[in-house]
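Each remark here refers to the structure printed beneath this line.
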Amino acid sequence: MTIGPKFTQGGQKWHGGVVGKDGCIYGVPSHAEAVLKIDPRTATVSTIGKPIESGVWRPNGKYKYGGGVVAGDGTIYCLPSDADFVLKVVPETEEVTTIGPRFE
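Just so we're aligned, residue 1 is where the sequence shown starts under full-length UniProt numbering, counting upward by one.
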């Protein structure tokens with residue numbers, strides 16, 4: 001069974017994922033421009049957040065984030081690979097922002 005929309009071709013869109021406190025799975029954006037959200041209860045797939053900026057050292061939008069963790073309050077933090085900032089995902093509001101100092 002396949003769920004969700006058909007995404008454009010290309011590899012490494014999301015690099016791993018984490019299970020949020022809401023039971024949804026969140027894909028960490030590598031080459032993708034947004035966070036992937038999979039809701040296993042409803043068998044729905046979507047992306048959340050505005051397009052994510054590339055890093056200074058890799059302006060082509062690749063290898064932005066390489067993993068993520070869920071904090072005690074349920075917030076998800078994605079760790080920068082070639083991105084310049086930490087990515088913060090708030091599942092309750094689907095807000096996706098960058099935080100912290102620029103890593104160059």
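We put the CB at the ideal spot given by N, CA and C, even for glycine.
Beta-bridge pairing of residue i - partner residues as DSSP gives them
i	result
Ile52	Bridge partners of Ile52: none, in fact.
Val96	Val89
Thr44	Asp39
Asn78	Note that residue 78 is Cys in the sequence shown here, rather than Asn. According to DSSP, which records beta bridges pairwise, Cys78 is partnered with Gly68, Leu87.
Arg58	Gly55
CB-CB length for residue i against residue j, believed under 8 Å
i	j	result
Val89	Val96	5 Å
Ile52	Ala71	Their Cβ separation, rounded to whole angstroms, is 19 Å, which puts Ile52 and Ala71 out of contact at 8 Å.
Gly66	His15	6 Å
Counted within 10 angstroms of its Cβ, other Cβ atoms place residue i as buried (16 or more) or exposed
i	result
Pro80	buried
Val28	buried
Pro91	buried
Thr42	exposed
residue 136	The first residue shown for the chain is 1 and the last is 104, placing residue 136 beyond what the model contains.
Gly10	exposed
Beta-carbon proximity check, residue i vs residue j, cutoff 9 Å
i	j	result
Asp82	Gly55	yes
His31	Lys13	yes
Ile48	Lys64	no
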